[in-house]
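Top to bottom, those sequences are chains Y and Z.
Counting from 1, position 20 in the first sequence corresponds to residue 20 in this note's numbering; the numbering is continuous, with no gaps.
Counting from 1, position 494 in the second sequence corresponds to residue 1494 in this note's numbering; the numbering is continuous, with no gaps.
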Amino acid sequence: MKSLLQKIFSNYFWLGIALFVVLFAVNLIILPNILAPRNIISTLAVAAPLVLASMAATPSILSGGVDLSTGVTLGFINVAIFTIVSPLGILNNPVLTLIVLLLIGAAIGAINGALITIVRLQPIVATLGTYLILSGVSKNLMPAPGGVVPDWLSMLGGYIGPIPGPVLVVAVPIALWLLLTRLPYYRALMATGGDERAAFSAGLPVIKIRIIAYTIGGMLAAIAGIALTALVNSGDATLGNNYTLIAIAATILGGTSFAGGRGGMLGAVFGALDIFIIQKLLTSAQVPVAWFQVTYGLILIFSLIADYTLRSATARSTGV
Amino acid sequence: MNQPVNNLATLKNSQDFVNSKDIVFSADSIAFAYGQTQALRNCSFSVSRGEVHALIGENGSGKSTLVKIISGVISPDAGHFSIDNVQYKHIISPWAARELGIGTAFQEILIVPGRSVLENIWLGAEQSLIRSSQESNRRIRAKELLDELIGEEVSLDIPAENLEISRQQLCVIARSLVLKPKIVILDEPTAALGVSDRNRLFAAIRRLAADGTAFMFISHRLDEIMDIADNITVLRAGESVTTVSKKDATRDSLICLMCGDVQAEKATIARNMGDVRLLVKDVQIFRNAPSFNLDAHAGEIIGIAGLEGHGQDQFVQMLAGIKKPLSGKITIETDKGPQPIKSLKEAAKLGLAYVPRNRKTAGIFEPLSIVDNFALPALGRYSRSLFLFRKKMVDDFHKYRNSLSIKMDNDQSKISSLSGGNQQKVLVARWLNMDPNTIIFNDPTRGVDPPTKMELYKTIQTLAASGVTVIFLSTDVDELVALVDRVVVFRNGTIAEEIPQKSLTSQSVVAAFFGHKSSVQES
């Protein structure tokens, strides 16, 4: 009896999964046609930006910091497709476009990381700064929504040959991350987030490790921005702002500790799916949009309380 | 970059290495200042292959700063090192230090929470973020180290913070050894260790030294220094005063060197014992351990001892009201007859003060000033309606500052600007200010230098002479022998033996740890 409960609770994102199972079941009952092939792809396309955004928010939190600029990076990438990549005349070349956008995302992340580790600003302050800057720059670049998306990009919201675009967009980053967790970098990242002083004095290059974490976050945010563009098929400078806090909330709902060093990317995926399904259920129940955020907040707080209580209860009953 | 040490195996024992030709590390006129505070002025010493070189000094004498400089955590303002006859102005990072063959176990037990024992032992041992040595090789090396240091099977995959504190300390020591460095720095490596762990550690140090590894060993326990060191460098106020060979040193001579002209002497103050103050009746700590009784009188100093993890720590926490015994009663005598101790807060009201073990996490409020730290639990006394009478607070503090000789510049400075021993004194002053009738010390001299210890002993004896009951848990057997009226020794969760003053020797206490009746120490 010890082993089963403990095994469940020792997985950092057990609650994210449990919530997902329950919500998915409820969703199946209320909206049974969700699994129909046509619906599932469009549903996944809607979910992809949030899933990727919460993945993007994860590495910085694992490193012991936070990145408030994730959401606006999504928006900036969306705007950049029409105002930077398109004028360069490479928008019809998917590979070049992807490279440029990933570089932009990486650069934003690296700047955040440098501000935090070299200039030594607190993470929340540094990324609040980049949040405001990016948000303003996006609005200047694209004062009004618009723009036409090339075919290859809108295919990411549907099918690329036999492969569903949204699945590809999410699965590739997850696969790459899972590969990364096998590298010493991952151990170093978790150690730095867990206790930076211990990591530094043991000889880890903590500055490099933290800058890389923000850079990975920036690149994932760029992919999220691409998924967002594939979904909405146009440019809008205000789109990204919505993702700022909800992405962080999803990461935490997925079991990643805000203190750093505990958690992971798969948890963030489930946290984001949880929030996405809640949103879908509330929409179908015709709950006013104003109540959505109240619900997210309540679920976040109660699930953290539940996590803590159940964890310590099982720890006590098994005498650990 | 590391030289293999195996080819030195032709030499027979560590003494053969201790000659000037074999110098592997030397520090020359190292200086460092933290802002205004000159932590190191002029520090020079050298260490030979196979030598165990002890660094001793009062708190604030610069030992820990020196350790940080040699391990690349901070860069010195002046001076230079040489390692294998190559000169360095500074070591730019902890990683650079490891590459030069220096392994360090810092004073603080820097375990990364949430990461496994294996990862904690290998933490920082590999610089590449892309490539890593084989997991199986890392496991073998980690197991080899733990087998030697812990002596029993420990899972490499459990989170390191789930280990008891002594094992965490051994993990940190294993981390310093994992790359087979030629110079190992151990800063207070025995602070959390029991006797058997310490013996195993010393055996490992001797074995590695015989193979040519050089050790810098820092400890406040002079008996350990006299046991393990070949040579001893004494630091005072940031300067290296002298280096002596162990043959020429005695404890008294070392204490004299550490504190300059201040003579260290045992304080003894005549006192009388009064009525019973604390009564422990049929108390059971662990489920399978027998219950026990204890009474403590007014004006008595009772020592609590035992090997790490035998229940003595739990017991003093029960006395203080932090934990509850499984069964039995603990009462304190008051004007209204005996009162049970229900909680820490309740106990404080009944005149019982508790000075916790880990001052960093359990006593000190780092961001606050010295005076605020002193006055915190007594704020009610210094306030009327919403106003605080700071003057009275400051006056009271300076009364204790003088009697405890707390060394500081400004009472409004942050408490973190004080050395560890002085922080401890502020904590003691805090509780004395509450006019306690009973005071419980949980290993108060851990990491405190000998002169400060002497002052604390004097304070404790003065307290006892004024009728206060003192319960004194210590992991340092020598200080128990010097200070207390009787020692109760815990073994397997119960009081195994009570040693009255007349038969109190370090041998009798250590023998009681192991349940030996003879005075032979277990090795």
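Note that the Cβ used here is the ideal one computed from N, Cα and C, for glycine as well.
Note that this is a predicted model, so its numbers are computed, not measured.
- Listed as beta-bridge partners of L1278/Z by DSSP are A1296/Z and I1332/Z.
- Annotated three-state conformation of T1438/Z is strand, per DSSP.
- In this structure the segment 77-91 of chain Y touches the segment 142-162 of chain Y; the number of beta carbon pairs closer than 8 Å is three or more.
- Within chain Y, no residue has its beta carbon less than 8 Å from that of L1156/Z; the closest one is some 14 Å off.
- Under the Cβ distance rule, A313/Y does not count among the residues neighbouring chain Z, no pair being separated by less than 8 Å.
- It is roughly 56 Å from the alpha-carbon of L1100/Z to the alpha-carbon of F1389/Z.
- Below the 7 Å Cβ cutoff, chain Y contributes S201 as neighbours of F1106/Z, in chain order.
- Taking the Cα positions, Q1314/Z is about 13 Å away from Y1354/Z.
- In this structure, the CA atom of S1136/Z is about 51 Å from the CA atom of V1484/Z.
- Within the segment 164-188 of chain Y, those residues whose Cβ lies closer than 8 Å to any Cβ of chain Z are, in chain order, L183, P184, Y185, R187 and A188.
- None of the residues of the segment 88-115 of chain Y has a beta carbon lying less than 9 Å from any beta carbon of chain Z.
- In the three-state reduction of the DSSP assignment, D1372/Z falls in the helix class.
- Non-local C-beta neighbours of C1043/Z in its own chain, meaning closer than 8 Å and more than five positions away in sequence, comprise A1027, S1029, I1030, A1031, G1062, L1066, G1079, L1235, G1238, E1239 and S1240, ordered along the chain.
- For E1153/Z, none of the residues of chain Y pass the 7 Å Cβ criterion, the least Cβ distance being about 18 Å.
- Check the Cα spacing between A199/Y and each of D1409/Z, P1094/Z and A1482/Z: the tightest is with P1094/Z.
- Under the three-pair Cβ rule at 8 Å, the segment 171-189 of chain Y does not count as touching the segment 120-127 of chain Y.
- Looking at the DSSP output, T1104/Z sits in a beta bridge with I1185/Z.
- Under the Cβ distance rule, G1493/Z does not count among the residues neighbouring chain Y, no pair being separated by less than 8 Å.
- Ranked by Cα distance from V85/Y, the first of L101/Y, R38/Y, G71/Y and T70/Y is L101/Y.
- For P1189/Z, not one C-beta of chain Y is nearer than 8 Å to its own C-beta.
- Nearest to S1116/Z by alpha-carbon distance, out of V1470/Z, I1130/Z, H1310/Z and I1158/Z, is I1158/Z.
- When secondary structure is reduced to three states using DSSP, Y1382/Z falls in the helix class.
- The closest CA to that of N1492/Z, considering only L1368/Z, D1476/Z, M1408/Z and G1309/Z, is found on G1309/Z.
- Annotation: the continuous beta strand (DSSP E) that includes V1487/Z extends over R1486 to R1491.
- The beta-carbon of W1095/Z is placed less than 8 Å from the nearest beta-carbon of chain Y.
- For G75/Y, the enclosing alpha helix (DSSP H) covers residues T70 to A80.
- In the structure shown, the three-state DSSP call for D1084/Z is coil.
- Taking C-beta atoms as the reference points, Q1169/Z and A1204/Z fail to come closer than 8 Å.
- Short of 7 Å from the beta carbon of I211/Y, and not among the five residues preceding or following it, lie these beta carbons of its own chain, in chain order: A110, G113, A114 and T117.
- Against chain Z, the beta carbon of D195/Y has neighbours under 7 Å at L1110, V1112 and P1113, listed in chain order.
- Each of S63/Y, T97/Y and F20/Y was checked against the Cα of R187/Y, and the nearest Cα belongs to S63/Y.
- Contact annotation for R262/Y against chain Z: P1113 and G1114 [CB-CB distance below 9 Å, chain order].
- For M190/Y, the chain Z residues whose Cβ falls inside 9 Å of its Cβ are V1112, G1114, R1115 and E1119, in order along the chain.
- CA-to-CA, the gap between L1504/Z and S1291/Z works out to about 24 Å.
- The C-beta of L156/Y comes no closer than 8 Å to any C-beta of chain Z.
- Sequence-distant partners of I1460/Z (beyond 5 residues in either direction) whose C-beta falls short of 6 Å from its own C-beta, in its chain, are V1470.
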